[in-house]
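Chains as they are written, first to last, in this note's numbering: chain A, 193 to 430; chain B, 193 to 430. Cβ coordinates follow ideal geometry from the N, Cα and C atoms, glycine included.
2 protein chains.
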Amino acid sequence: MRDEAPRAVTTICSALEEQIERGLLPPGSKLPAERKLSEVFATTRITLREALGQLEAQGLVYREERRGWFVSPPRLTYNPLVRSHFHAMVAEQGRVPATEVIGARLMPASAEICQMLALPALSSVYQIRRARRVDGRLVLYVEHYLNPAYFPGLLGFDLTLSLTDLYAREYGLCYGRVRFDMVPTALHSQAAAALKVSVGSPALRIVRVNRDQHGRLIDCDLEFWRHDALHVCVEVPE
Amino acid sequence: MRDEAPRAVTTICSALEEQIERGLLPPGSKLPAERKLSEVFATTRITLREALGQLEAQGLVYREERRGWFVSPPRLTYNPLVRSHFHAMVAEQGRVPATEVIGARLMPASAEICQMLALPALSSVYQIRRARRVDGRLVLYVEHYLNPAYFPGLLGFDLTLSLTDLYAREYGLCYGRVRFDMVPTALHSQAAAALKVSVGSPALRIVRVNRDQHGRLIDCDLEFWRHDALHVCVEVPE
DNA sequence: GAGTGGTCTAGACCACAAA
DNA sequence: TTGTGGTCTAGACCACTCC
Numbered sequence: 193m194r195d196e197a198p199r200a201v202t203t204i205c206s207a208l209e210e211q212i213e214r215g216l217l218p219p220g221s222k223l224p225a226e227r228k229l230s231e232v233f234a235t236t237r238i239t240l241r242e243a244l245g246q247l248e249a250q251g252l253v254y255r256e257e258r259r260g261w262f263v264s265p266p267r268l269t270y271n272p273l274v275r276s277h278f279h280a281m282v283a284e285q286g287r288v289p290a291t292e293v294i295g296a297r298l299m300p301a302s303a304e305i306c307q308m309l310a311l312p313a314l315s316s317v318y319q320i321r322r323a324r325r326v327d328g329r330l331v332l333y334v335e336h337y338l339n340p341a342y343f344p345g346l347l348g349f350d351l352t353l354s355l356t357d358l359y360a361r362e363y364g365l366c367y368g369r370v371r372f373d374m375v376p377t378a379l380h381s382q383a384a385a386a387l388k389v390s391v392g393s394p395a396l397r398i399v400r401v402n403r404d405q406h407g408r409l410i411d412c413d414l415e416f417w418r419h420d421a422l423h424v425c426v427e428v429p430e
Numbered sequence: 193m194r195d196e197a198p199r200a201v202t203t204i205c206s207a208l209e210e211q212i213e214r215g216l217l218p219p220g221s222k223l224p225a226e227r228k229l230s231e232v233f234a235t236t237r238i239t240l241r242e243a244l245g246q247l248e249a250q251g252l253v254y255r256e257e258r259r260g261w262f263v264s265p266p267r268l269t270y271n272p273l274v275r276s277h278f279h280a281m282v283a284e285q286g287r288v289p290a291t292e293v294i295g296a297r298l299m300p301a302s303a304e305i306c307q308m309l310a311l312p313a314l315s316s317v318y319q320i321r322r323a324r325r326v327d328g329r330l331v332l333y334v335e336h337y338l339n340p341a342y343f344p345g346l347l348g349f350d351l352t353l354s355l356t357d358l359y360a361r362e363y364g365l366c367y368g369r370v371r372f373d374m375v376p377t378a379l380h381s382q383a384a385a386a387l388k389v390s391v392g393s394p395a396l397r398i399v400r401v402n403r404d405q406h407g408r409l410i411d412c413d414l415e416f417w418r419h420d421a422l423h424v425c426v427e428v429p430e
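Okay, here's the thing in structure tokens:
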């Protein structure tokens, strides 16, 4: 703040920010190669990458592992108080949702999962791992853990669809009380691989613990969102 | 994931993580100098700094501008549905709160503020800028904007105390409906300076728009939290 | 004044993506 | 196969903190 010679990184950030704001680099578009950009700004790749890292932290650009840098699309609005599910939420906001199932199986529950679902030690749980897209972009990696006592024959259904709908249709269950825990953190290796980004990318971790209409703990979700993909909104009534 | 020779950065991260988890590096303690650490791990400062950057993204360590790297203390729990204020919230969790006023004045409202408070163009607002600590660590930079119509003589009071208490005691106002918007992003230069961290550090931006018991828009807060300092918890009733 | 973090240079090799 | 991003080396100077 003393001498008014701006740092190289700051200069690069400002230039790119301006180009993005003016629409010269529209959302979703790919930036030029790092080597090209470092020539444009007459600097080294290291310095350029630091600038891109700052823009990434701001949520203005994002990276796809080994594919390059892209301009971030607008954030999705996530409202924990509104009982909705991914497909409905995305569609309501005029975006296009998609879901891929990475895996689904019965497995021994970790200590953490036992605790969250109030299960005895050495219980088994259904685990469903999914990756979800908005307008084609991978933004969310989720692990669902279900108490198998409430969901016999679960693995026979189409798990690319909404679990909420499946619960209602096949098991007569719907969500009652829900608890959310949101923590800004980084992606671990499995989540990073599923989202095709580098390990350690900033993310928002959301843990949901769900009860049914009778107050029974039925399942929990571990969600990892790209940190620039959403915006959490909570309206507190009087 | 193919060849099992772990990257240097990964190795460094794992080693530091382990030391932290085992308590050899307790919360709040300072890490050795970067040059020392790069010797320990037989690598360059650039590589070492990348590893520290990843741990920072995870929220395990944090930086103070030009002072070094420290082990992050436990996160504070922030519950938007519980009507509380900073000092009470921090104290309830067994931590020690502190507040510093950076500045307070009457100023022209920006377009954004006018919109949030539903004020006509070219209105004036009170602006209060504060920095807040938990156990001595700077974790929050806030800008409060108050509709001056409801708060005559505001600047004459002690603004290091809770505004919530001041509203009740001096103006007979308390909060009614509140709207929260939470966005993972990076610190801008002013917030970074106030928190004594580098520009572009990851942060959680929380915007609160507050109404009083009569439903009138009375003020709004722009909060910038260190991303590793808190954990947002929402309990949704049935 | 010594030491530290902040910043930057000028390269290099490899593995993977895209053509 | 070509180019790209991912990773790493081996330094350098400056501004600031802390003694």
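By the criterion of a C-beta distance shorter than 6 Å, ALA383/A is surrounded in its chain by TYR333 and PHE416, once the five residues flanking it on both sides are discounted. Our two residues, PHE262/A and VAL201/A, have alpha carbons roughly 18 Å apart in a direct line.
Between the alpha carbons of PHE372/A and ARG403/A lies a distance of about 12 Å. Annotation: the continuous beta strand (DSSP E) that includes GLU335/B extends over 329 to 338.
Around PHE372/A, the beta-carbon contacts reaching into chain B at under 9 Å are VAL424, CYS425, VAL426, GLU427 and VAL428. Interface residue (Cβ-Cβ distance to chain B less than 7 Å): ARG369/A is classified as such.
Around the Cβ of GLN285/B, a 10 Å sphere holds fewer than 16 other Cβ atoms; the residue is exposed. Near chain B, meaning a CB-to-CB distance below 7 Å, no residue of the region 311 to 345 of chain A qualifies. CYS205/A and SER221/A have their alpha carbons spaced roughly 17 Å apart. In this model, PRO429/B and GLY368/A are separated by some 7 Å (Cα to Cα). CA-to-CA, the gap between LEU244/B and HIS380/B works out to about 21 Å. Around GLN246/B, the beta-carbon contacts reaching into chain A at under 7 Å are ALA378 and GLY392. Scanning the region 339 to 420 of chain B for uninterrupted alpha helix (DSSP H) segments of 4 residues or longer gives 355 to 363 and 381 to 387, listed from N- to C-terminal end. LEU409/B is a Cβ neighbour of LEU309/B, given a cutoff of 7 Å. In the structure shown, HIS279/B falls within a helical segment according to DSSP collapsed to helix, strand and coil. For LYS228/B, no pairing in a beta bridge is given by DSSP.
For ALA323/A, the enclosing beta strand (DSSP E) covers residues 316 to 326. In terms of CA proximity to VAL326/B, GLU292/B leads the group ALA313/B, PHE349/B, LEU298/B and GLU292/B.
Collapsing the DSSP output to three states places GLY286/A in coil. In terms of Cβ geometry, PRO265/A and PRO300/A do not form a close pair [threshold 7 Å]. Contact between LEU252/B and ILE305/B is absent: CB atoms are separated by about 36 Å, not below the 8 Å threshold. DSSP, reduced to helix, strand and coil, places GLY220/B outside both helices and strands of the structure shown, so it counts as coil. VAL263/B is outside the set of residues whose beta carbon lies under 7 Å from a beta carbon in chain A.
Around the beta carbon of ASP357/B, fewer than 16 other beta carbons lie within 10 angstroms, which makes this residue exposed. Between GLU226/B and LEU240/B, the C-beta spacing is below 7 Å.
Here GLN405/B is exposed, its C-beta having fewer than 16 other C-beta atoms within 10 Å.
Take ARG297/A, set aside five residues on each side of it, and the residues of its chain with a beta-carbon closer than 8 Å to its own are TYR318, GLN319 and LEU347, in chain order.
Take the alpha-carbon of ARG237/B and the one of SER393/A: they are about 20 Å apart. PRO312/B and VAL401/B have their C-alpha atoms some 17 Å from each other. Within its own chain, the residues whose Cβ lies closer than 6 Å to the Cβ of THR352/B, once the five positions on either side in sequence are excluded, are THR291 and VAL293, listed in chain order. The beta carbon of LEU387/A sits closer than 6 Å to those of LEU330 and TYR333, all from its chain and outside the five residues before and after it, given in chain order. Shortest Cα-Cα distance from HIS419/B to any of VAL426/B, THR269/B and ARG321/B involves THR269/B. In the assembly as shown, ASN339/B is a buried residue. Its beta-carbon has 16 or more other beta-carbons within 10 Å. Distance between PRO376/A and PRO376/B, taken at the CA atoms: about 7 Å.
CYS366/A and HIS277/A have their C-alpha atoms roughly 12 Å apart.
With a cutoff of 7 Å on beta-carbon distance, ALA378/A and GLN250/B are scored as near each other.
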